[in-house]
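> One structure, pasted below without further comment.
Chains as they are written, first to last, in this note's numbering: chain A, 1 to 481; chain B, 482 to 962.
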């Protein structure tokens, strides 16, 4: 039962026993190790993880303190709990014991967040568009318009500004989705849409099926509320539906999360036929779908296939979109489209969370759509981003020919670089940082992946993209030789 | 043990058994009825609530289905659970059983939300400032400025725009709070600050001590995550500290929530001496405080005493403020001020929730502070709101002399009207609605209060305030005679 093909990284600053705690918690969360099961003996675990027995004892103490395992005087240690709330940890406010978050990823995420604001950094991790990609002049022309004629900024309706929702419906029509304003909720970015869904529609122990790797692994939203992420192997055409069918045993409360268009991090696009197949399968199984479609407008040669939502006649798709990737992250405008009762439910929780999104941002976004500036901007954006992609691909051809393989994205911001052999990702991350190159190691998107890097070409300048890839290739070669 | 001095309202559209379910859940949440205790027999309960036994059976079935009680073949029914997640209810997405939210208040809140957008309504419930109170021209002048010179709208730092945080620190200095930008988190309104605190610092079963009545009772944020609200009797000077001391037995994970300045809904102001006493008590007990201070700038004669935060030398106060009440709700700008590690923790959760607040809103708010327009506006606002308060008080004197008593607020937006005798609040609410007057019945702010109405003078016009109070007095007299 306990296949362990991972060992803690002795060069990582996180103590070995906490790395092991993180590993075990992930196995339990993903249901690979189930509640009620007995763990191997301490001696056996020490062998499996290649650490001293004292390290195993420290890890077991930690897991017991968190109420996840229970030692039995008679026979061995049992898993007793698979839901713990990563967000709701007791905080050391009064000088008592601090209980930090033990997920190994989080330390890296914090280091990334700090490095993001270093102006000298070559940012090849971020999915934020470079400032040259944000249509600053268009936004300013809207501000000018609003400065002479706008309404007082009061609270909006629970679903958000009607004007904006109407404009979004017109836009959705152009990509094949028929929706009315009552089935649209305005959110503060697409991310908030995901949080509202996890708060309002799922419950602890819900299983979320998702592509492996997936952007969702880098968030803690779903896991923090006790949901289990169940990765489905993915291929060039996206999620493997046969594998999904095999996994989908416990139907109640399960949901599929997918990024079918310009997937984050792999860049793949699910073809139309497979989209139909997925909808058909989910209809049959009564399995709802969250479709994350935030990269749709960033295509290079041809528009991508229509969204799953456009093929959904039974209302099982919750569609999540937004303008943070292709227009302006700072406006914080996203949307969720779905059946009206679901949208009512989500808008109720949105009201309880922040009483609606910024009216000013909503007004600006609505004017951008209504004036045609949104469409015009996307047209320009595609050309600019294509040059960035080509620059990244050329640099990879020059520097990574011998050490890695990669996909050629037809849209979106990401190249999923696969090294020919595993390396220490943490070492690579730290060394790259010391040379002012910020990357997202693949294990942010797939637990313990040590062979992948997500290369983003959305943020760094063309020169920096070339230079960053060159520096990265040197560091990879250092480790591989 | 089971003192029941409440009966379901037979005129209310909610079925009797669901009203009883709501009542019992509140007793359990507030810890008045504890886990492990046996409930009285069905026959006894039927007597206590003055309903048929079949109604009790239906209520018990519902509670058992929610996992809150457990029937025992041997002897009676026991309370087995006191945490249930009101937000995370299974949603009827696939056509199965719908499990609505059973808290009686919520139906009224939904009716209120619908009525809010009826343009013919006299809105005496809302705490939203009337559009004449929002400095539209000042905001437009800022938009004009930003339309010629602003930065591209990218993501902000996790804590929010540094420019805005610096401006907020300067403002805080003027009310006695010394803070640096690292100890300030920008939120999407003060409400989001409360949600982040409940997600990030408290845990299920935390007890929140609060004034009774309190605005917090009208939210579901804390209860939804399993926290217990424990009301502390309040007097003209705010929370009774002696009563707080008596209740504060289970110290671990408890917190005080207070609105010491222009309390919502009672309008009371905690005097300086009592503020010192509260801080002293909480320091001694190691009890942290959430101070909600969103009405501070709306004073009529003299500025209120300094915030608790200004008296807090040990960092136990989390200060929540914002500009939604006194400047513009639509910008959605609030802040939390506290010890740096706490703010780091909250900003981490904020990033996971919505990746930061609108940069555009933050820029506008920062410019409003920096330009001095914020201060100038508050100066005007006070005069305008005072006229509104005086109008409301004059109308109450004219129409409610014989049927009610009330406080004279020295700031803020609320009069807490106390009727001389209890009435059916739901009847009053519905009848007022049919005459186009929207009020907030007191039981939104205090469970089952049937003798109070919160009168807000922030939104309706002067004429409407007079007319609304007149109509209300007619409806109250109808019920009292």
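Backbone N, C-alpha and C define an ideal beta-carbon position, used for all residues, glycine too. Just so it is clear, the structure is predicted and the values come from calculations on it, not from any experiment.
When burial is assigned at 16 or more other CB atoms within 10 Å of the CB, is residue 483 of chain B buried or exposed?
Exposed, since its Cβ has fewer than 16 Cβ neighbours within 10 Å.
> With residue 551 of chain B as the anchor, note down where its beta strand (DSSP E) starts and where it stops.
First-last of the beta strand (DSSP E) with residue 551 of chain B: 550-552.
> Report the option in A:374, A:476, A:361, A:303 whose CA atom is closest to the CA atom of residue 500 of chain A.
It is not possible to answer for residue 500 of chain A, since the shown part of chain A is limited to 1 through 481.
> Could you pull the DSSP bridge partners for residue 257 of chain A from this structure?
Bridge partners of residue 257 of chain A: A:210, A:290.
> Report the option in B:636, B:599, B:673, B:543 whose CA atom is closest to the CA atom of residue 800 of chain B.
Residue B:673 is the option with its Cα nearest to residue 800 of chain B.
> Could you tell me which residues DSSP pairs with residue 711 of chain B in its beta bridges?
Paired residues: B:690.
> Take residue 45 of chain A and list the residues in its own chain whose beta-carbon comes closer than 6 Å to its own, dropping the five residues that flank it on each side.
56, listed in sequence order.
> Thinking residue 365 of chain A and residue 343 of chain A are a contact (beta carbons under 8 Å), I'd like their distance in whole angstroms, please.
Rounded, the Cβ-Cβ distance is 18 Å, inconsistent with contact.
> Closest by CA to residue 456 of chain A, which one among A:437, A:233, A:450?
Ranking A:437, A:233, A:450 by Cα distance to residue 456 of chain A puts A:437 first.
> Would you check if the distance between the CB atom of residue 680 of chain B and the CB atom of residue 640 of chain B is smaller than 7 Å?
Contact flag unset, no.
> Are the Cβ atoms of residue 550 of chain B and residue 558 of chain B separated by less than 7 Å?
Yes; because the gap between Cβ atoms is below 7 Å, this pair is in contact.
> What are the boundary residues of the alpha helix (DSSP H) that includes residue 949 of chain B?
Here the alpha helix (DSSP H) through residue 949 of chain B covers 943-961.
> Grab the span of the alpha helix (DSSP H) containing residue 670 of chain B for me, first residue to last.
Per DSSP, residue 670 of chain B belongs to the alpha helix (DSSP H) from 670-681.
> Are the segment 430-447 of chain A and the segment 320-328 of chain A touching, with three or more C-beta to C-beta distances below 8 Å?
The segment 430-447 of chain A, when compared against the segment 320-328 of chain A, does not touch it at the 8 Å Cβ threshold.
> Would you mind sorting residue 709 of chain B into buried or exposed? The rule is 16 or more other CB atoms within 10 Å of its CB.
When all chains shown are included, residue 709 of chain B counts as buried.
> Does chain B have any CB closer than 7 Å to the CB of residue 90 of chain A?
Note that residue 90 of chain A scores a pLDDT of 31, beneath 50, so its modelled location is shaky and nothing firm can be said.
> Measuring only between beta-carbons, confirm whether residue 704 of chain B sits less than 7 Å from chain A.
Chain A contact via Cβ: absent.
> Would a C-beta distance cut-off of 7 Å place residue 141 of chain A and residue 839 of chain B closer than the cut-off?
The answer is no: Cβ separation not under 7 Å.
> Can you pull out the residues from the segment 112-123 of chain A whose beta carbon lies closer than 9 Å to at least one beta carbon of chain B?
Result list: 113, 116, 117.
> Assign residue 745 of chain B to buried or exposed, taking buried as 16 or more other Cβ atoms, counted over all protein chains shown, within 10 Å of its Cβ.
Buried: at least 16 other Cβ atoms inside 10 Å.
> Which residue spans inside the segment 395-436 of chain A form an unbroken beta strand (DSSP E) run of at least 3?
Fully enclosed beta strand (DSSP E) runs of 3 or longer: 414-419.
> Relative to the C-alpha of residue 143 of chain A, which residue among B:684, B:841, B:729 is closest?
For the residues B:684, B:841, B:729, the minimum Cα distance to residue 143 of chain A belongs to B:841.
> Tell me, please, whether the segment 721-741 of chain B touches the segment 768-785 of chain B by the rule of three or more beta-carbon pairs shorter than 8 Å.
Yes, they touch.
> To the nearest angstrom, how far is the alpha carbon of residue 573 of chain B from that of residue 513 of chain B?
With a pLDDT of only 35 at residue 573 of chain B, under the threshold of 50, the placement of this residue in the model should not be trusted; the figure read from the coordinates follows. Going by the C-alpha atoms only, they are around 32 Å apart.
> Looking at residue 793 of chain B and residue 740 of chain B, is the spacing between their C-beta atoms short of 7 Å?
Against a cut-off of 7 Å, the Cβ pair of residue 793 of chain B and residue 740 of chain B comes out as no contact.
> Does residue 822 of chain B come out as helix, strand or coil in the three-state DSSP assignment?
Note: residue 822 of chain B maps to helix in three-state DSSP.
> DSSP has residue 919 of chain B in a bridge; who is on the other side?
For residue 919 of chain B, which the question treats as bridged, DSSP gives the partners B:604.
> Please compile the residues from chain A whose C-beta is within a distance smaller than 7 Å of the C-beta of residue 609 of chain B.
Those are 154, 155, listed as they occur along chain A.
> Starting from residue 79 of chain A, find everything on chain B with Cβ-Cβ shorter than 9 Å and list it in chain order.
None at all; the shortest Cβ gap to chain B is about 21 Å.
> Taking the straight line between their C-alpha atoms, what separation do you get for residue 958 of chain B and residue 884 of chain B?
Rounded to the nearest angstrom, the two C-alpha atoms are 7 Å apart.
> Rounding to the nearest angstrom, what Cα-Cα distance links residue 122 of chain A and residue 412 of chain A in this structure?
Straight-line Cα distance between these residues: approximately 19 Å.
> What is the rounded straight-line gap between the Cα of residue 697 of chain B and the Cα of residue 617 of chain B?
If I take the Cα positions, the gap works out to 30 Å.
> Out of curiosity, what's the CA-to-CA distance linking residue 493 of chain B and residue 907 of chain B?
So the alpha carbons of these two residues sit roughly 7 Å apart.
> Got a sec? Which residues, its chain only, sit under 6 Å from residue 188 of chain A by beta carbon, not counting five neighbours each side?
Only 332, 357 meet the Cβ criterion.
> Considering only the alpha carbon of each residue, which of B:561, B:488, B:658 lies closest to residue 504 of chain B?
Comparing Cα-Cα distances from residue 504 of chain B to each of B:561, B:488, B:658, the minimum goes to B:488.
> Which residue wins for smallest C-alpha separation from residue 718 of chain B, given the options B:711, B:738, B:747?
It is B:747.
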